[in-house]
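In the working numbering, each number is its position in the sequence shown, counted from 1, plus 319. Ideal Cβ placement from N, Cα and C applies to all residues, glycine included. The structure presented is a predicted model; accordingly, all values stated were derived computationally and were not measured.
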Amino acid sequence: MSSTDLKAKWLENYKTAPAQLEKMGKINGLISAFNANVDAVIKVSGEGIQKLVVDNNLNIDSILKDGERSIRTNEDAIRGFLNCFKNGIAEEWLIEDVNVFEWLNKNVGYDKMQMGGQGGIVANVMAICGVKQVYVHCASAPKEQGQLFLDLPNLVTTNAHGELEQAFTVNRAGENALIHWIIEFDKGDQLSINGETFTCPKANRFIATYDPLNFKLHVDENFDKRMSNKDINPEYIILSGYQMLHEELADGTRGADRIDESKEMIARWRKSCPDNLLHLEVASTQDKVVRKHLIDSLVESVDSLGFNERELIDILEVIGEDELAAKCEAKTNSSNLFEGMLKIYEYTKCPRMQLHMFGLYVTLQEKGFKVTPLQNRDGMQLAATVAAAKAGTGAINTKDVLMWAKDHKVSDVGLGELEALSEKVKELLGENDLMSTGTFTDEKFEVIAVPTILIDKPVTLVGMGDTISSISLVGAR
Ligand code: GLC
Numbered sequence: 320m321s322s323t324d325l326k327a328k329w330l331e332n333y334k335t336a337p338a339q340l341e342k343m344g345k346i347n348g349l350i351s352a353f354n355a356n357v358d359a360v361i362k363v364s365g366e367g368i369q370k371l372v373v374d375n376n377l378n379i380d381s382i383l384k385d386g387e388r389s390i391r392t393n394e395d396a397i398r399g400f401l402n403c404f405k406n407g408i409a410e411e412w413l414i415e416d417v418n419v420f421e422w423l424n425k426n427v428g429y430d431k432m433q434m435g436g437q438g439g440i441v442a443n444v445m446a447i448c449g450v451k452q453v454y455v456h457c458a459s460a461p462k463e464q465g466q467l468f469l470d471l472p473n474l475v476t477t478n479a480h481g482e483l484e485q486a487f488t489v490n491r492a493g494e495n496a497l498i499h500w501i502i503e504f505d506k507g508d509q510l511s512i513n514g515e516t517f518t519c520p521k522a523n524r525f526i527a528t529y530d531p532l533n534f535k536l537h538v539d540e541n542f543d544k545r546m547s548n549k550d551i552n553p554e555y556i557i558l559s560g561y562q563m564l565h566e567e568l569a570d571g572t573r574g575a576d577r578i579d580e581s582k583e584m585i586a587r588w589r590k591s592c593p594d595n596l597l598h599l600e601v602a603s604t605q606d607k608v609v610r611k612h613l614i615d616s617l618v619e620s621v622d623s624l625g626f627n628e629r630e631l632i633d634i635l636e637v638i639g640e641d642e643l644a645a646k647c648e649a650k651t652n653s654s655n656l657f658e659g660m661l662k663i664y665e666y667t668k669c670p671r672m673q674l675h676m677f678g679l680y681v682t683l684q685e686k687g688f689k690v691t692p693l694q695n696r697d698g699m700q701l702a703a704t705v706a707a708a709k710a711g712t713g714a715i716n717t718k719d720v721l722m723w724a725k726d727h728k729v730s731d732v733g734l735g736e737l738e739a740l741s742e743k744v745k746e747l748l749g750e751n752d753l754m755s756t757g758t759f760t761d762e763k764f765e766v767i768a769v770p771t772i773l774i775d776k777p778v779t780l781v782g783m784g785d786t787i788s789s790i791s792l793v794g795a796r
């Protein structure tokens with residue numbers, strides 16, 4: 320089939336998106352836990368950062384040296400920024416000293432605040448897509464946090480008295496806002512330090528995160544109690560936030576113990592709706608001990624995993640697949656990444672997993688999984704449509720914008736990746752028609768692949784992965 324014909328075929332496949340969105344309104348309950356935070360977004364210039372370095376007399380050698388990806392000094396914050404700026408990449412480093420947090424607050428500031436954290440972002444997306452009751456966990460919920468939730472009656476959290484209240488109005492006064500700086504920079508901008516000039520190759524962002532509560536996966540006890548009640552009926556539970564844990568936490572306890580405790584807690588939440596679906600959004604987990612424990616211990620109880628290409632490679636690294644990880648790193652394409660997914664399936668036996676990469680989403684699941692291949696495809700198409708609306712308009716805060724991209728055609732990049740995947744599936748599993756149907760089944764597996772709509776000049780990319788994973792699953796009906 321020619322590329323024009325394929326695009327016409329996929330435009331036809333995508334036509335189910337509005338109907339899938341309607342179906343999300345039939346879902347009674349969904350829990351999104353654990354991490355909601357405040358994203359303080361600021362656009363900086365190379366010149367501004369240069370001035371910051373000079374005015375504060377920062378130590379140049381400490382800024383230019385290689386080192387750990389964490390922030391203990393003011394210089395570390397600039398070092399992390401420079402690393403992203405000069406390579407045009409996105410990274411998130413954790414601020415481990417409150418003094419650096421205060422210094423950034425005073426000297427860098429922010430332009431605007433928006434909802435941050437996978438848990439918070441997913442909750443807003445699910446609520447605007449019409450899920451009847453969305454329960455969102457907040458480690459901290461002062462007014463600054465509450466107001467970042469959409470003003471919708473179907474989006475609730477626990478207030479200071481332990482009662483469920485609309486998240487938008489909740490004000491657990493006395494709790495501190497948890498701030499993540501999203502420091503954005505432009506392509507082509509320049510920064511000179513010590514006579515050396517760095518030119519930024521690609522617009523991107525550096526995230527500097529100060530979040531003592533989510534760092535230890537702090538759980539609001541009231542929320543835990545409430546979610547264990549019979550009336551909650553969570554048909555879906557979407558988990559994230561483990562990525563901020565460390566092997567050893569500031570108070571001397573172990574990250575792995577926090578994971579195990581949460582596992583027991585979630586088992587209690589699941590009781591009121593035994594055939595719920597539990598999804599884990601892997602996210603970028605820097606600490607390898609924590610990452611391994613997640614894969615070895617938490618994943619055995621989850622039904623569905625979500626990751627991007629980087630996070631997939633990170634998983635391969637901790638399951639003894641270093642060689643394949645290196646291959647995926649050298650050539651990050653759907654063909655290598657699919658081999659990676661098969662290895663992750665073999666290792667974890669997780670019945671469903673989804674990769675979202677640039678231009679293509681791929682789901683690999685056990686044959687006969689309770690969400691059919693076609694339902695998955697419909698969910699993934701809905702996700703791609705809404706993600707394109709987010710990229711194209713900057714925000715999906717109102718229902719009318721969700722279908723903004725519904726008549727857009729899928730991208731050439733996506734069709735290219737789909738072709739590479741189809742070849743790989745042919746080599747490993749057998750003949751297939753993934754190019755036009757997006758689905759393949761054999762005795763063991765179901766593979767679902769959807770080329771996505773790409774927006775030329777995206778207004779925003781923060782939270783894209785969270786949006787895609789959650790809609791792909793919850794919209795698959
Ligand atoms: C990470 C960041 C958070 C951001 C989110 C988007 O969790 O810490 O600030 O909102 O990623 O996915």
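Are the beta-carbon atoms belonging to leucine 599 and valine 621 less than 8 Å from one another?
-> yes
Which of helix, strand or coil does DSSP assign to tryptophan 422?
-> helix
Three-pair Cβ contact test at 8 Å for the segment 420-432 versus the segment 440-460 = no
For valine 766, verify whether its CB is less than 7 Å away from any heavy atom of ligand 1.
-> no
Would a C-beta distance cut-off of 8 Å place isoleucine 787 and tyrosine 680 closer than the cut-off?
-> yes
How about the segment 756-770 and the segment 685-696: do they share at least three Cβ pairs that are nearer than 8 Å?
-> yes
Out of curiosity, what's the CA-to-CA distance linking lysine 362 and glutamate 503?
-> 5 Å
Of all the options Lys776, Gly399, Asn375, which has the alpha carbon lying nearest to the alpha carbon of isoleucine 526?
-> Gly399
Does the distance from the CB of methionine 343 to the CB of valine 720 come in under 8 Å?
-> no
CB contact flag (leucine 536, arginine 587, <8 Å) | no
Could you tell me how far apart the beta carbons of threonine 392 and valine 357 are, in whole angstroms, since I believe they sit closer than 8 Å?
-> Not really, about 23 Å apart at Cβ, beyond 8 Å.
Go to glycine 735, then tell me how far its alpha helix (DSSP H) extends in each direction, as first and last residue.
-> 731-747
Taking C-beta to C-beta, are glutamate 410 and threonine 528 nearer than 8 Å?
-> no
Separation of methionine 672 from glutamate 630, as counted between CA atoms = 12 Å
Can you list, in chain order, the residues of its chain whose CB lies under 7 Å from that of glutamine 694, leaving out five sequence neighbours each side?
-> Ala795, Arg796
From what residue to what residue does the alpha helix (DSSP H) around glycine 784 run?
-> 783-793
Specify whether the segment 545-554 and the segment 492-506 touch according to this definition: at least 3 beta carbon pairs, one from each stretch, less than 8 Å apart.
-> no
Any chance the segment 348-357 sits against the segment 433-444, with 3 or more Cβ pairs inside 8 Å?
-> yes
Between aspartate 395 and lysine 405, what straight-line distance do the alpha-carbon atoms span, to the nearest angstrom?
-> 15 Å
Can you give the beta carbon distance from alanine 460 to valine 489, rounded, assuming they're within the 8 Å contact cut?
-> 5 Å
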